[in-house]
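The structure appears right after this line, and notes come after that.
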Amino acid sequence: MADFETPQRQSIAGILVLFVFSLTNNIRHFATLLLVVFLRMREQPLYILLAILGLAVAFLVFAALKYWFFTFELNIQERNLLVKDGIINKTRTVIQFENIQQVSLNQSFIHKLTAVYEVIIDTAGSADAEVKIKAVSKEVAEKLKETLTQYVSAKALAETSTSEPEQQLAIVKVSVSSLVKASLTSNYFKTLALIIAFFFSIYETIEQANIEAISEEEVDALSKTFNYGMLLGVLLLVALFLLLVINFIRVFVRYFGLQIKQQETGLEFTYGLLSTRNTNIRPNKVQQLTIEQNILQRKLGIAVIKFTQAGGLLGKNGAVKSALDFPGIGSEEVQSIRKFILGDLPKAHTVLRSNWRKAVFSSFLVLIVPILALVFIPEIDTINRVIGVSVLMTVVLAWNFAALKNYRLEIADGYLYLHAGLWDKTVTVLPIHKMQSVNLVQLAWHKNLDLASLTIETAGGSFTFKLGNKSELSKFVNQWLFNIESSNPKWN
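The opening position of the sequence shown corresponds to residue 1 in this note's numbering, with each subsequent residue numbered one higher.
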């Protein structure tokens with residue numbers, strides 16, 4: 001067993017892991033340059049081979065040096081983690097135990113091949129993971145995580161515990177069949193947008209290519225073989241097939257083997273087929289909890305649960321990446337997780353609804369681009385323009401007005417519940433003491449109508465209710481702020 005009070009190096013397999021990461025990153029960044037060099041030297045394969053071997057040796061030496069100069073150790077007396085890194089420019093990073101937000105164990109495909117794990121340590125306020133220990137054995141990774149968790153302050157442990165389990169309990173194991181159901185019944189609109197973007201990129205490529213004009217005889221031959229109806233049907237079938245395949249790959253590969261364990265400080269999520277991820281969710285760090293379920297998922301008895309957390313989940317370039325979502329979980333298990341994170345939720349005593357103008361404005365945002373396209377494309381005749389605009393307006397307005405019936409803000413003692421959606425129905429729960437700021441925005445033309453939009457900022461993102469009654473909202477906002485000031489609760 002590793003003695004973390006003395007400097008520790010990564011597993012020897014870390015050299016290979018660092019080599020692969022360095023090689024793939026450089027290939028990705030310099031792909032265009034490498035392609036140009038390859039095309040210019042394609043008639044001299046010996047030079048290409050020597051160049052590849054030279055680069056491989058250089059990257060391997062660099063990986064070995066990175067491995068050798070990277071060490072980590074724990075100072076139990078000072079209660080901190082010390083990490084030393086750098087070949088020429090040396091860095092020395094010290095992290096106090098109480099500042100650690102999350103310790104995650106990840107295992108990419110190359111990690112699995114070499115039987116090692118990556119340990120990621122996040123701290124409050126960092127724009128990315130504070131420390132990444134790229135390659136250690138499973139025994140060392142688990143022991144390091146356990147040790148760091150053990151030395152988190154007793155106060156933090158008390159704040160995160162909503163129950164008193166004596167051991168880790170597997171409360172949810174998402175089966176393969178549940179993941180298949182989730183992959184075939186979710187993310188339709190996101191995937192459809194990707195497919196449309198893909199087809200547009202292909203169309204632009206064809207338009208820009210130097211292709212000779214097709215003769216009229218060839219056009220006549222094609223028109224006899226295919227009609228526009230058949231072509232449209234084929235395109236729809238291809239789009240549907242791609243929609244299902246892409247959804248399946250995105251959900252099934254990412255969340256394969258999803259397992260949720262209950263721990264002393266929260267919930268541990270482990271998932272992934274090619275790249276295994278391990279994430280901890282602490283109840284006191286959860287700012288908002290959302291349960292999403294569409295009509296098909298409701299029939300199948302599955303749902304998606306989403307968390308937004310405070311800190312420790314910031315992505316690259318400082319972009320907020322506080323949301324985590326987990327699909328394919330049974331409806332009963334979702335309620336168990338919700339209860340573990342938030343406890344028993346009180347019933348709502350007040351329901352606020354949005355004005356019908358919200359549906360009109362939402363429809364305008366969706367309709368403006370396609371309507372302008374229909375109006376100004378010269379190839380479309382007047383009758384088809386009128387039909388196209390009428391059908392689009394009818395469908396979009398009907399959809400948004402139907403969704404408006406489900407859109408409401410429910411107010412309970414200590415909690416807000418935001419209901420939204422028509423096909424994908426969501427319920428977002430916000431504990432009132434998580435509020436950091438509250439804004440009521442009223443546009444000039446809404447003053448006489450007494451309408452305003454409510455935006456609540458939390459440490460994990462925004463919570464918005466649009467075009468509600470301003471007088472009613474103001475009354476509750478003042479009450480919430482008074483309760484927060486008088487009770488002085490913690491935001492995270």
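Ideal Cβ positions, reconstructed from N, Cα and C, are used throughout, including at glycine.
Do residue i and residue j have their CB atoms nearer than 8 Å?
i, j, result
"F401", "T428", "no"
"Y417", "P431", "no"
"L18", "K134", "yes"
"T455", "V441", "yes"
"F482", "L409", "no"
"Q107", "S331", "no"
"V366", "V386", "no"
"L113", "A141", "no"
"S336", "G468", "no"
"E43", "V172", "no"
"L33", "F59", "no"
"Q288", "T458", "yes"
"I302", "I341", "no"
"L473", "A452", "yes"
"A359", "L404", "yes"
"V131", "G14", "no"
For the alpha helix (DSSP H) containing residue i, name the first residue and the last one.
i, result
"E5", "Looking at the DSSP string, E5 is not in any alpha helix (DSSP H), and its letter there is neither H nor E."
"I291", "Run containing I291: none in the alpha helix (DSSP H); it sits in the beta strand (DSSP E), 286-294."
"A141", "138-150"
"I377", "Where I377 is concerned, there is no enclosing alpha helix (DSSP H), given that its DSSP letter is neither H nor E."
"E472", "470-487"
"S183", "176-184"
So, is residue i buried or exposed, given that buried needs 16 or more other C-beta atoms within 10 angstroms?
i, result
"R277", "buried"
"A127", "Confidence is the limiting factor: at A127 the pLDDT is only 48, short of 50, which leaves the residue's position unreliable and the question unanswerable from this model."
"V308", "The question names Val, but residue 308 in the sequence shown is Thr. Per the 10 Å Cβ criterion, buried."
"A154", "With a pLDDT of 47 at A154, under the threshold of 50, the predicted position of this residue should be treated as unreliable, and no value is reported."
"Y67", "buried"
"S175", "exposed"
"T279", "buried"
"A310", "buried"
"S486", "exposed"
Start and end of the beta strand (DSSP E) containing residue i?
i, result
"F97", "Looking at the DSSP string, F97 is not in any beta strand (DSSP E), and its letter there is neither H nor E."
"P431", "424-431"
"I501", "Since the displayed the chain opens at 1 and closes at 492, residue 501 lies outside it and no answer follows."
"I120", "117-123"
"A31", "Segment 31-40 is the alpha helix (DSSP H) holding A31; no beta strand (DSSP E) there."
"L440", "437-441"
"L113", "First-last for L113: 109-114, but that is the alpha helix (DSSP H), not the beta strand (DSSP E)."
"T455", "451-458"
"I281", "277-281"
Hey, out of the options, whose CA is closest to residue i's CA?
i, options, result
"A64", "V375, Y47, L16, V83", "L16"
"E73", "K66, Y67, K84", "K84"
"A398", "I387, L236, S362", "S362"
"F4", "W356, V37, A31, T71", "T71"
"S564", "E139, G14, F326, Q436", "Any answer about residue 564 is impossible in this case: the structure gives the chain only from 1 up to 492."
"H446", "R357, L235, L35, G421", "R357"
"T265", "G257, P283, S186, I52", "P283"
"Q10", "T91, L345, R40, H111", "H111"
"Q101", "Y255, I121, R92, I87", "I121"
"K285", "L148, H433, V119", "H433"
"K145", "V103, S177, V180", "V103"
"R254", "V180, K261, L236", "V180"
* Asked: Can you list, in chain order, the stretches of the beta strand (DSSP E) that have 3 or more residues and sit fully within the region 393-422?
  -> For the region 393-422, the full-length beta strand (DSSP E) segments reaching 3 residues or more read 408-412, 415-420 along the chain.
* With a floor of 3 residues, list each beta strand (DSSP E) that falls wholly inside the region 229-270, ordered by position along the chain. => With a minimum length of 3 residues, the continuous beta strand (DSSP E) runs that stay inside the region 229-270 are 259-262.
* With a floor of 3 residues, list each beta strand (DSSP E) that falls wholly inside the region 55-91, ordered by position along the chain. => Whole beta strand (DSSP E) segments, 3+ residues: 71-75, 80-85.
* Asked: What runs of the beta strand (DSSP E), each 3 residues or longer, lie entirely inside the region 324-385?
  -> Here the runs fully enclosed are 350-353.
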